[in-house]
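Below you can see the structure in the form of structure tokens.
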């Protein structure tokens, strides 16, 4: 090779090196993938309740600030007039959907999470014990692994999980060691144990569920539908961090949290003071204004807004999580308190401190809410209507940095016929 050829080769190598360096440099003005600009951020964990911009990069929250230049982002969403919150967390649902008629576990009575989550601002759903130690692997394979929604689960103390409803189930199917083995195998997905819907006289179900929760160092979710257990006994068995769902219902198979004078029972208040958490668990038959209003007036308010979402409840008074939150909004709860109990508090209750907030570095699960004003009606489980003038609606939902729901196209470019090719 001649001298000139060597010089040309060296020059080409140098230019290639320069081009590689340039390509690796960050593009000026596009440091973020997505910028939510101009919204009112409510992030209770970080004590933010103010107009803020939220920037996302590589599927995590990159920056939250009073002003982030629009030129710094590849895509900008104008959230002016909206509330921007962490993705909502529903800690009580039944989403082990399958084809078995009349069944909840792998059945037609459960619902597909993606069909109902994002359109209501929910990015994390916790299945409330539809699966047990026998069929959780099937639940994970068929539903969890294929859902864009983050799906977590309480593990039913019954091996077959929740099938057709309440019954006098086989005690031998409630195996502590096998339940613990499944929890140990799937620690990133199972958040605790669950007991409920048992009509027999044995104390084994509640005692086994408690032992599983204590040994796994996770909370226990207690449903009602345990008529043989006095409510006082149930609450006394529970420990700090355990969750009492269906708490604000006047149901036939459990003592109400209110006495005959509509006062909160002393042992219920003692449980609250001991750190027992109270979840709505609205469902089709477990939320009543006759309980919720007096309880709220006396200081017992939900720690979370679990929906008890399933095939039947979604078409009854429950509707969805935002409908439940709107009920409490019109009952007098502040918006800041609502968002706390829809995001950070439920995240803490399931021991997932990585969720429910917009801290820099946190997973980019974000909900943009609008506050609708007008004349609305909200039903309880008995069909009584509460009139209200405000209602929350999910305008846009972001899951791990990706837009998964956009009600009115606020993230989309405006159609202009003259600009079309």
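Numbering (the working numbering), first residue to last: 151 to 571. Heads up, the beta-carbon is just placed ideally off N, CA and C, and yes, glycines get one too.
Between which two residues does the beta strand (DSSP E) containing residue i stretch?
| i | result |
| --- | --- |
| residue 505 | Per DSSP, residue 505 belongs to no beta strand (DSSP E) and is neither H nor E. |
| residue 372 | 370-372 |
| residue 195 | Counting along the chain, residue 195 falls outside any beta strand (DSSP E), and DSSP gives it neither H nor E. |
What separation, rounded to the nearest whole angstrom, lies between the Cα atoms of residue i and residue j?
| i | j | result |
| --- | --- | --- |
| residue 440 | residue 212 | 45 Å |
| residue 529 | residue 443 | 14 Å |
| residue 556 | residue 479 | 23 Å |
| residue 288 | residue 363 | 22 Å |
| residue 193 | residue 318 | 44 Å |
| residue 506 | residue 321 | 37 Å |
| residue 268 | residue 262 | 12 Å |
| residue 386 | residue 377 | 16 Å |
| residue 176 | residue 540 | Unreliable placement is indicated for residue 176, whose pLDDT of 42 sits below 50; the coordinate value is still reported in the next sentence. Answer to the nearest angstrom: the Cα atoms are 44 Å apart. |
| residue 338 | residue 300 | 11 Å |
| residue 521 | residue 543 | 7 Å |
| residue 546 | residue 195 | 21 Å |
| residue 308 | residue 183 | 45 Å |
| residue 189 | residue 369 | 35 Å |
| residue 406 | residue 430 | 13 Å |
| residue 383 | residue 494 | 29 Å |
| residue 487 | residue 451 | 10 Å |
| residue 359 | residue 366 | 11 Å |
| residue 191 | residue 181 | 21 Å |
| residue 399 | residue 418 | 14 Å |
| residue 421 | residue 352 | 23 Å |
| residue 225 | residue 210 | 15 Å |
| residue 165 | residue 221 | Residue placement at residue 165 is poorly supported in this model, since its pLDDT is 46, which falls under 50; the coordinates still yield a value, given next. Distance between the alpha carbons of residue 165 and residue 221 is about 29 Å. |
| residue 564 | residue 411 | 58 Å |
| residue 167 | residue 219 | Summary for residue 167: the model assigns pLDDT 47, below 50, so the residue's position carries little reliability; its value from the coordinates is reported in the next sentence. Taking the straight line from one Cα to the other gives about 32 Å. |
| residue 356 | residue 500 | 19 Å |
| residue 535 | residue 408 | 21 Å |
| residue 514 | residue 214 | 12 Å |
| residue 390 | residue 223 | 44 Å |
| residue 457 | residue 437 | 10 Å |
| residue 466 | residue 459 | 10 Å |
| residue 554 | residue 340 | 25 Å |
| residue 332 | residue 372 | 20 Å |
| residue 354 | residue 345 | 10 Å |
| residue 329 | residue 302 | 16 Å |
| residue 198 | residue 234 | 11 Å |
Can you check which of these residues, the options, is closest to residue i by C-alpha distance?
| i | options | result |
| --- | --- | --- |
| residue 524 | 537, 431, 315 | 537 |
| residue 294 | 329, 256, 321, 477 | 256 |
| residue 259 | 465, 247, 326, 353 | 247 |
| residue 432 | 448, 477, 311 | 477 |
| residue 453 | 447, 481, 498 | 498 |
| residue 558 | 372, 328, 219, 227 | 227 |
| residue 510 | 206, 201, 199, 187 | 206 |
| residue 326 | 341, 361, 316, 348 | 361 |
| residue 414 | 224, 449, 438 | 449 |
| residue 237 | 527, 490, 566, 343 | 490 |
| residue 304 | 296, 527, 285 | 285 |
| residue 446 | 436, 314, 481, 336 | 481 |
| residue 244 | 412, 216, 278 | 278 |
| residue 578 | 349, 253, 331 | The chain is shown only over 151 to 571; residue 578 falls outside these bounds and no answer can be derived. |
| residue 396 | 201, 428, 496, 379 | 428 |
| residue 208 | 215, 185, 202, 344 | 185 |
| residue 347 | 328, 518, 333, 401 | 401 |
| residue 469 | 519, 381, 533, 508 | 533 |
| residue 502 | 566, 518, 283, 240 | 240 |
| residue 531 | 463, 551, 290 | 463 |
Grab the span of the alpha helix (DSSP H) containing residue i for me, first residue to last.
| i | result |
| --- | --- |
| residue 327 | 326-335 |
| residue 404 | Premise fails: residue 404 is in no alpha helix (DSSP H) and is neither H nor E. |
| residue 356 | 354-366 |
| residue 471 | 471-481 |
| residue 381 | 381-387 |
What does DSSP give as the partner residues of residue i in its beta bridges?
| i | result |
| --- | --- |
| residue 582 | One cannot answer for residue 582 here, as it falls past the ends of the chain, which runs 151 to 571. |
| residue 556 | 546 |
| residue 219 | Paired residues: none, contrary to the question. |
| residue 348 | 317 |
| residue 540 | 523 |
| residue 513 | 210 |
| residue 535 | 529 |
| residue 397 | DSSP, once it has assigned bridges, lists no residue as partnering residue 397. |
| residue 203 | 215 |
| residue 518 | 234, 546 |
| residue 303 | 277, 340 |
| residue 186 | 204, 227 |
| residue 414 | 408 |
Handout entry: alpha helix (DSSP H) segments (min. 4 residues) lying fully within the segment 423-467
Key = 439-447
Problem - Residue ranges of each beta strand (DSSP E) within the segment 225-254, 3 or longer - result: 233-236, 238-243, 247-250
Handout entry: Whole beta strand (DSSP E) elements within the segment 246-301, 3-residue minimum
Key = 247-250, 272-282
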